[in-house]
Structures are given as C-alpha cells and as structure tokens.
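Just below is one structure, and these are the notes that go with it.
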Amino acid sequence: MRDVVCRFLLTLLLCVFMIPGEVEAAPSHEIKYITSKVVEEDGNTFLRMEIGLSKGAAEYTVKKGSILHPNRLCIEIENTKPGDVQNEMRLDPKYAKSARVRGLDKNTQVLFSLAGLAENEEYSITTIEADKKQKKPFRIVVDIYESGYVRRGFVDGLKGRHIVVDPGHGGTDRGATGPSGLLEKDVTLEVSLKLRDILENSGAIVTLTREDDRDVWGPTATDSQELQARSDVGENTPGTEVFLSVHCNAFSSESSHGTETYYYYGKSWLDELLAQNLQEAMLEHNGLHDRGVKATRFYVLTHTSMPAALVELAFITNYEEEALLGDDAFQEEMAMALAEGLANYFAVSGT
Ligand SMILES: [Zn+2]
C-alpha cells in the first residue's frame, strides 16, 4: 500500500513538472556547417553551397532581391539557430561575392550576395535527407550558376534601353593631363567606346556625343556652346532614358585619388539613384577610394531633361591612378562597371 501511495505521489509530481508552460520553445535546429565548392556537372559549372542542419528536416523560405539589395538571395530557415558557423564567407565572385549568416529570434537567414541581380540569376535550391551511413545531416543545397550576367561584354537588363554616353572633352579641349602625359580626352573616349560595345552587345540603343577625337560643337566653341552641344545630343535623340558623361578627375595635389559621381539635385530622385548605382558598380570593379556621390550644377547635368550623371573614374593627376586609366584592361573593367551600374539603376528605378 505504501508503495502505491509513493508511486501515486511520484506521478503527481511528474505531472506538475510536465504541464506545458507558456514559455516558447527555443529553436530546435542548428546550422552544423556551410560548405562551398565549384562543381562541374554535365558541362555546366556552378557554385554548390551545402547548409547542413542538426535534427533533420527544416522548413525554409526564399526571398530574392530588394530595392536596396538587388543582388541578394535570402534563404530563411525556420526554427533554427546559426550555430558555430562563420558569419561571413567569401565566395568565388564569378557566382556570388559572399554568404552571410544572420540569426533572428527563431529563424536564421543565409544571405547570398550574387554576382548579378537576383531577379536574373540562375540558381536552384533543393534538400537532401540525412544519411546516417555517410554521417551527413539534413542539408539545404543551393546551386548558383554563372549566368549571362557575368559573361564578358554582356550585361543583363539593358535590352531596348536608350542611353546617351558623353566622352568628356575632345578635339581642342584635352581635359586634364596626367604627370606622365596621359590626356583625359583619350581616356574618356576609350572607356566610352568600350562601354558602347558592351551596351550594344547587351541590346541597348546607344548614342555617343562624339566617336572620335573632336569638339562636338566645333573647335571655336565657347565652353557653354560646347557643353550645350553635348546636352543637345541627349535632348535630340529620341527616347533617351539616361545621359552619362564620362570624365577623369584632376587636382593640383598629386595625392588626391579615388572615384566619385555627380548628379544634379534639382531634377528628380532618379538622378541621385542613377549616380549611386554607377558609383557602387565602379567601386566594386576598381576597388579605389570612395569619394562618394555628390550633388552639383555641372552644365550637362542641368541642361538635360532625363536622369543624368557625370562619373569621375579616377584621378589622372595621381601617378598610380594615371597608370590605371591608361591601361586597356582597367578601361575595359570600368566600361563593364558602368554597364552594370546602368542595369542596376534600371532594375531598381522601375523605369
Ligand atoms: Zn573632365
């Protein structure tokens, strides 16, 4: 009898302790590891990311791109803690620049910064069940392909766009001169011609204010006649959506360096957005000092009615940057950057 009472009391005690409370359960999964490797399969090369989770299958949702982060692919894994994995991984930039792990209240996000716009990128997400024999846990597998976006000389998202490119200076106006004698007018023309090739190859309709070494208005033009002639190309070319003027920066001190972009604040919010996208893309490609996006009243920006920006690729008066500006591969890289900046602008502006 005493035995029965004891057992009864014990059961009662256990019941009290086992009544479910209002306290929310902590996330039950945990990321055990994230691996990345470049895989070749059936003639396709892609980046394979494996996210291994403890405790079996977990639910997840996928979000891609946003106005602020058009290159982002976000996988949110429910009821999961970040675990001990590195919170930022550098990846092969052909596919994606990085993967970041961010723990939320109950869920964990894995954020990929893709090489191109998430909208246009090709990727696939699958899951693999745990495999006890191989000692592998449940995995979410993300394959990221090298898409057309990163193909040399082709940028997605520019098809049918009308763009006017203005190679700064030319003819009698040499622009600034570098310490080794490099002329701004030659750099701006080279980069603009390369940019035109990429844009046209990507399906855009491109007009240059000049295609060779000459003054646009004529050799005897005043400054404002010359700049008006350039603005007129933008105004008089039907359907112009963007006017982009390409320049190199210059200063009396050789130590000034870096990249900057100008826009006119009095037109519309699109001008600033355009400048931001161009600046961001240039910095991604050239790795130079970020001098920022600046509002100003340059002639070609105030005398064009469509969104316009003036980029200063780098300082021609800085010895190292002059060497870059004169280098064919660097010019090509900057042309690619400007094309990407334009594509990003069109994607986020919704125009
Ligand atoms: Zn200039």
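Here the sequence shown is numbered in the working numbering, starting from 617 and rising by one per residue. By construction, the Cβ of each residue, glycine as well, lies at the ideal position given by its N, Cα and C atoms.
Excluding five sequence positions before and after F931, the CB atoms of its chain that fall closer than 8 Å to its own CB belong to C864, N865, A866, F867, S872, H873, G874, E937 and E938, given in chain order. Non-local C-beta neighbours of F946 in its own chain, meaning closer than 6 Å and more than five positions away in sequence, comprise L940, ordered along the chain. Using a Cβ-Cβ distance cut-off of 8 Å, the stretch 660-674 and the stretch 749-759 are in contact, since at least three pairs of beta carbons, one from each stretch, lie closer than that value. Between T933 and E870, the CB-CB gap stays under 9 Å. With contact defined as three or more Cβ pairs closer than 8 Å, the stretch 800-809 and the stretch 836-845 are not in contact.
If you draw a straight line from the Cα of T967 to the Cα of T677, it comes to about 29 Å. The Cβ atoms of G784 and D831 lie no closer than 9 Å to each other. In this structure, DSSP gives G942 a state outside helix and strand, which the three-state scheme calls coil. Relative to the non-hydrogen atoms of ligand 1, the Cβ of E800 comes within a distance shorter than 8 Å of at least one. A Cβ-Cβ distance of about 5 Å is found for the pair A897 and A953, placing them in contact under the 8 Å criterion. R777 places its beta carbon 9 Å or farther from that of L805. The beta-carbon separation of D813 and V862, rounded to 14 Å, does not stay under the 8 Å limit for a contact. Proximity of the beta carbon of A924 to ligand 1 is not indicated: no heavy atom of the ligand is located closer than 8 Å. The beta carbon of H905 sits no closer than 8 Å to any heavy atom of ligand 1.
Of all C-beta pairs linking the stretch 888-904 to the stretch 737-745, fewer than three are shorter than 8 Å, placing the two stretches out of contact.
Where E692 is concerned, the enclosing beta strand (DSSP E) starts and stops at R688 to I693. A distance below 8 Å between beta-carbons, with the five flanking residues on each side excluded, links I693 to the following residues of its chain, in chain order: H645, I647, I667, L669, A674, E675, Y676, N723, T724, Q725, V726 and I756. Proximity to E738 across I760, V717 and G903 peaks at I760, based on C-alpha coordinates.
Leaving aside the five residues that flank P854 on each side, none in its chain has a CB nearer than 6 Å to its CB.
Closest in alpha carbon position to N703, among N660, H901, A924 and T651, is T651. Secondary structure remark: continuous beta strand (DSSP E) runs of at least 3 residues inside the stretch 689-746, in chain order: 704-706, 712-719, 724-730 and 739-744. In the three-state DSSP reduction, I814 falls in the helix class (H, G or I). When distances are taken from the beta-carbon of C864 to the heavy atoms of ligand 1, the shortest one is below 8 Å.
For the stretch 886-919, the continuous alpha helix (DSSP H) assignments of 4+ residues that do not extend past its boundaries occur at 915-918, in sequence order.
Per DSSP, reduced to three states, the secondary structure at D839 is helical.
Remark: the shortest separation between the CB of T788 and any heavy atom of ligand 1 does not fall under 8 Å.
In the displayed model, E937 falls within a helix according to three-state DSSP. Assignment of beta-bridge partners to F867 by DSSP yields no partner. The three-state reading of DSSP puts S861 in strand, counting E and B together. If the five residues before and after F728 are omitted, its C-beta is found closer than 6 Å to the C-beta atoms of L689, A712 and A715, all from its own chain and listed in chain order. Scanning I683, L684 and V717 for the CA closest to the CA of M665 turns up V717. Taking 9 Å as the cut-off, the Cβ atoms of Y878 and V849 do not count as close.
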